[in-house]
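Residue numbering for the sequence shown follows our numbering, starting at 94 and increasing by one per position. Backbone N, C-alpha and C fix where the C-beta goes; we use that ideal spot for every residue, glycine too.
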Amino acid sequence: MGTLSSELFPHAERLSPRPRIYADANVPAGLVTYMRVRLRWDVLFVLEQSDLRRAPDIRHYQLAQQLRRTLVTMDKDYLDDRRFPPAEGAGVLVINAPDERELSSLLDRIDATLFHDEPADDPVTLPLAGRKLQLNSDWGREGS
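#1: Could you tell me if A116 is buried or exposed, where buried requires 16 or more neighbouring beta carbons within 10 angstroms of its beta carbon?
#2: When you compare the CB positions of G184 and L156, do they come within less than 8 Å of one another, or not?
#3: Is the beta carbon of V136 closer than 8 Å to that of R146?
#4: T206 lies in the alpha helix (DSSP H); which residues open and close that run?
#5: From I151 to P178, what distance separates their C-alpha atoms?
#6: Can you tell me whether L228 is helix, strand or coil according to DSSP?
#7: Can you tell me where the alpha helix (DSSP H) holding T126 begins and where it ends?
#8: Considering only DSSP beta bridges, list what L164 is partnered with.
Encoded structure:
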């Protein structure tokens, strides 16, 4: 018998084939709404969880792995492989853009590129498992 999360994960993934995201406190609330409404991602937002609001980064990293959710953040501290070993994570996506409009546009490109598998367009739940990716607002645009 495993942990509660390891036992429930296969069922949760079947119930929600949408990308499963763990958004830390550095992600603006408006962007979380965009992920949920426009992109239809299944987002756990730490600011909505009173017991997680002030948790240390390592706790967020570990919990994202336990819950099998890609960690989305604007915090570059997660790029430190000594503190946050990639092999021990469900995947980290560090995003950066000058404003929320550019962040939303970046998320559109991320959704199309990372979270959907061509040609069937089936959602990919953990495309970055064991890896980290840092993306800026110019990523995925023509000519960049």
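Taking the definition as stated:
#1: buried
#2: no
#3: no
#4: 193 to 207
#5: 10 Å
#6: strand
#7: 122 to 130
#8: Y115, V185
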